[in-house]
Every structure is written in structure tokens, then in C-alpha cells.
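Count along the sequence shown starting at 1, add 1428, and that's the number in the working numbering. Have a look at the structure below, then the notes.
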Amino acid sequence: MITNKITQLWMLVLMACLFTACSETFLEENPTTFVTPNSLLVDQKGADTYLIGAYDAVQNIIGSGANGVDAWAIHWGTVAADEVVLPPWAGDRKLIYMHQLTPTNNTVRNIWENLFVALNRVNSTVDRIGAMTAEQIDIESRDRMVAEAKFLRSTINFALVSTWENIPLIKNETTSLNDLEVAQSSPEEVYAFIIEDLTFAEAALEEEQGGGRATKGAAQALLGKVYLQMTGFPLNQSDKFASAEEKLAQVIESGVYDLLSSYPEVFDLDNEQSVEMVFSIGMDGPGKNEGGLLSTFYGPNGNVNNGGGWGTCFINHGFEASYDRDDVRLLNNIAKHNANDWTPEEAMTNPDARTVGQNTWRGWKWHAEKPNSYPNDTPFDNPYIRYADVLLMYAEALNGQGKLTQGDIDMTVNRLRDRARLNPDALPAMVLGTQDENATALINERRHELCLEGWRRNDLIRFGKYQEAISGITQGGPNAGDPITEFQDFEMRWPIPNSEIRINPNLVQNPGY
């Protein structure tokens, strides 16, 4: 392990092989030579290349797992929630799903390590570009680049504190093995640092869609999401509902973002950076070492019969049953067809295509044309925050303060239902109820709209519904079992890897593990 850390640190210091991401975004430049920071950071062009390395770091670990990396959003946000079930042969993913984790779990260790390696690359970007002088770079451009990097750093720290709660808060680049023994910080301290970074980003970035780059709206939307998460476990800071409302209202009022008219179009390869994407992580593939796992896990990718994936991820029957039968999101998000037999259009519109047995239904949000050769290298950009998410968070922020009105519901939830409705009698509009009734409707709407995008576990924890949700998975078929039989309260957070505790004796294991 220590040898691995030395190797990783050396690679970080060099910032070598700054692989980039999705075509059709700004991440088209693809430098592949070894360069040291001192030789690169001499002008604005070099700084922009260095910043691309920070985007690359986030691309690999936050969303859909570029280069086959164990990705945080897939494992924490979906596998460990109630949207999918995992079969007995799913390895570490089965253990995550079943709440049978130990501090030696290899996938959890990989996600922890990858997040901190990415964090060091982003910290290096913040520190080194931030230190450039007016002789080297226009100061306004420098501050914009630092702001983009601070936004990226916030995505990593938000993932870390959501998942492990008690984490080392590392604010600067680590360049020496003597600096590895960092004590853990409280969740309050980590969230305060995230807010500080995003506030800086909000002030320095432009109000635009961004095409894959961080923007003012992305910073405001992530601030809203962070504030909302602070209202739930473990902080339970109800005053943050008002802070979330303020930031999310600014995103809405900016006029930069909107919903696409068709839900399936949002996840089409041609609409990866549409007006609905507040921030989307660029991917590219196949065959470019920059593709992700979205179509592989929730494709189907077209290379196996029953809807894609590795044979290790199936739909929770209760999730499918929760949809109105004439909700287009049901047809778009769940595959009941054989991928190699039908085009996406046929599978969506032709009932004769739906011949796959219930036990082998799969996620199908990103529709790959057939035939394709994506396997673990799919080109779909990974949505991080969509405008639909902003609307739902805004309604949640209002409801948390007891301020939600029918008018607010109509401009948020009911806009999404209008888009999803296949006929006038389908999917009734949400009607204002009690605060608890509204909260239930909102978390259900988040599940139907945002499923498989990596936020479900955070949502359930924030709403206080996690244990209830995983207790509803009772199906047979290729299912390793029912998670609730294994779940204990301390498993609301993941274990800190033992290998990291051996390297850093200042780390204290999360209680219960």
C-alpha cells in the first residue's frame, strides 16, 4: 500500500498524462506527454492545460467511472440504495448492496483512494494556478480557473463527507510523504469549506451553460444541494432550507437553463450538454480510454441480451411498480426488452418488444443504438446536476420552511409531470398537502425523475427515509437478498479502509465497523 501511495504521489506531482474528456465540450485537447508543473505553468495556455487535468480527475471518479474506475455515484448513490438489486455473483457490489461491508472491502478502498488522489490533483490546480503572477497570466482569467477548480474540489469533498462523514479535510496539495498523517475533521468543518469554495466559484464564474465547464449556475446549484443535505443526517440544520432556496432561486431566475420538451431526449447522445444540463461531466468513447459505465450499467449496451450491464445489476421490482403506467420515464428508464433485438425507438414504443422476464429487467436510461461495442467505455456524459433537479430541490427548500404553495408545485413538480405524461389521463398532478405529504411526494418524484443518476442514497438519508426504503426490497430472482436483514444504523456511513488507517494513524474508524 505504501508503495502504491508513493507511486500515486509521484504521478500527482508530475501531473502526467493529462487525459481529457468528451468531444463536443471544451475538453477536446488531449496532451499525452509528461510535463512538470513548473515548465507548464508559465502562461495562460499552460494554466488551461493544467486545469483540464483537474477536470480529468473528477471525470474518473465522481460519476460513471472512466477507464473502468470504481465510481462513487454508481456505487454509493445507486447500488447502495433501492433502485437496483444485485445478484449473488456480483462480488463487492453485492456486499455494498447487502450492507455487508467491512473495512477491507476492495471497492470501498478504491473509491476512497481515487477520491483523495483526485482531490490532490485538484488541490494542485488551485494552489499552483492561484500562485501565478500578472506577468504570467491575466488575473481575471487566473481567478476564473481557480474558481473552476474550487467547484471541482467541492464535488469531491461533498462525495467524501456524504459517504464517510469523518474525513481528513485536505485544503492544499500534498507534495511530501511526510504530510500524509492528517487528522479527521468534523462534518461541520468540511461543509463550511465546501461552502467557502462554492461561494468563491459563484462570484468568479460566468452565468452560462458552460458546455462541460463549471459556471456560476453550477456553483449556485451545488450550493443549493449542499445546503439541503445539511438539513438532514447527521447535521439536521433546518436553517439551511432558506439558504438553499436563495441559491436555487438564483439558478431559476438566471434564465440560462430550461427543461427539454422530451424526457428521453435529455439522455440522447446528441443532447449531452443541453440547456437542461447545469453541470455534466464529459466522457468519450469507445476506444478512447475516456468512456464511462453509464450505458454499461444502465444502457443497455447492446452486447448482452437482457438489457445491458455486466449481469450484475437488475431493477428493483418495487421501483418499477412505483411508476404510473403511462409515465414516459418508466419506458425510458427500465428495459424490458432484449437490446440486440430492438432499436431504442422500437423498445420505447412497441409493446411487443417487452418480452424480458421481470427478474431480469434492467436500468435503461442512456439508450445506445444497436449494434455497438461500448462495454465499459460508453460515450455518454454523466449528468451531475440537471435543471429538473434544481426545480425539485427548490420545491424541497420551500417545503422545508413550510412555504410551499400550489403555484410553486405547478412550476416545479407539475412541469416535470407534464413532460412525462403520455396521455391526458396519466400521472395526476401533484396537489399541495401537509408538509409531510409534500415531502413524500417530492422524494418519490426525485426517484422517478433522477433515478440512476447517483443521488438516491443522499436523498433517502436527507429525508430520513433510508432504512424504510431498503426494507422494501423483497423480490426473488437474481437477487443476493434483502438489504434490511443486514442493515444496522451505523451503516448509514461507510467504513474507512483499514489500509488507510495503517498509513495514517490519526484516522479513527467510523463507529460500528
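Don't be surprised by glycine CBs; every beta carbon is placed ideally from N, CA and C.
In DSSP terms, what residue i is bridged to
i	result
aspartate 1755	Arg1849
isoleucine 1595	Ser1613
serine 1708	Pro1811
threonine 1553	Partner(s): none; threonine 1553 has no beta bridge.
glycine 1791	Ile1762
threonine 1806	Gly1720
phenylalanine 1742	Val1513
Environment of residue i [buried if 16+ CB atoms lie within 10 Å]
i	result
glutamine 1487	buried
glutamine 1701	buried
threonine 1464	exposed
glycine 1940	exposed
lysine 1473	exposed
tryptophan 1922	buried
proline 1779	exposed
aspartate 1698	exposed
phenylalanine 1918	exposed
threonine 1833	exposed
leucine 1605	exposed
asparagine 1729	Reliability of the predicted coordinates at asparagine 1729 is poor, the pLDDT of 49 falling under 50, and no value is obtained from them.
alanine 1575	buried
glycine 1640	buried
isoleucine 1524	buried
threonine 1643	buried
glutamate 1928	buried
valine 1756	buried
serine 1689	exposed
threonine 1777	exposed
cysteine 1450	Note that cysteine 1450 has pLDDT 35, beneath the 50 cutoff, so the model's placement of it is unreliable and no number is given.
alanine 1775	buried
alanine 1857	exposed
glycine 1882	buried
isoleucine 1567	exposed
glutamate 1636	exposed
glutamate 1704	buried
Residue i: first and last residue of the uninterrupted alpha helix (DSSP H) it sits in
i	result
phenylalanine 1725	1722 to 1726
alanine 1867	1863 to 1878
leucine 1651	1644 to 1658
asparagine 1926	1926 to 1931
arginine 1641	Where arginine 1641 is concerned, there is no enclosing alpha helix (DSSP H), given that its DSSP letter is neither H nor E.
arginine 1921	No alpha helix (DSSP H) contains arginine 1921, which DSSP labels as neither H nor E.
methionine 1858	Note, methionine 1858: premise wrong, no alpha helix (DSSP H); not H, not E.
aspartate 1838	1834 to 1839
isoleucine 1524	1520 to 1526
glutamate 1635	Counting along the chain, glutamate 1635 falls outside any alpha helix (DSSP H), and DSSP gives it neither H nor E.
isoleucine 1889	1884 to 1891
serine 1467	1465 to 1468
tyrosine 1941	Careful: tyrosine 1941 lies outside any alpha helix (DSSP H) and carries neither H nor E.
methionine 1776	1772 to 1777
Residue i vs residue j beta-carbon contact at 8 angstroms
i	j	result
isoleucine 1953	valine 1654	Summary: the structure shown does not reach residue 1953, with the chain confined to residues 1429 through 1941, and so no result is reported for it.
asparagine 1827	asparagine 1866	yes
alanine 1649	valine 1513	no
proline 1516	proline 1925	no
leucine 1633	isoleucine 1557	no
leucine 1721	isoleucine 1871	no
proline 1933	glutamate 1674	no
leucine 1758	alanine 1509	no
asparagine 1585	aspartate 1555	no
leucine 1952	alanine 1587	Residue coverage of the chain in this structure runs from 1429 to 1941, which leaves residue 1952 outside it and unanswerable.
valine 1706	glycine 1652	no
threonine 1740	arginine 1521	yes
leucine 1687	arginine 1843	yes
tyrosine 1685	tyrosine 1822	no
leucine 1469	methionine 1560	yes
alanine 1629	phenylalanine 1669	no
arginine 1581	valine 1550	yes
lysine 1764	arginine 1782	yes
aspartate 1754	leucine 1850	yes
tryptophan 1792	tyrosine 1726	yes
proline 1714	proline 1807	yes
arginine 1890	arginine 1884	no
alanine 1796	serine 1723	yes
Whole-number beta carbon distance between residue j and residue i, since they are thought to touch under 8 angstroms
i	j	result
alanine 1611	alanine 1825	Incorrect: roughly 33 angstroms between the Cβ atoms, too far for contact.
phenylalanine 1915	tryptophan 1794	That belief does not hold up - the Cβ atoms of phenylalanine 1915 and tryptophan 1794 are roughly 30 angstroms apart, past 8 angstroms.
tyrosine 1619	alanine 1848	Going by Cβ atoms, the distance from tyrosine 1619 to alanine 1848 rounds to 33 angstroms, so no, they are not a contact pair.
glycine 1900	glycine 1660	Rounded, the Cβ-Cβ distance is 19 angstroms, inconsistent with contact.
threonine 1506	leucine 1880	6 angstroms
beta-carbon residue i near the ligand NAD non-hydrogen atom, thresh 7 angstroms
i	result
lysine 1653	Inclusion of the ligand NAD in the displayed structure is not the case, the ligand content being empty and no account of it being possible.
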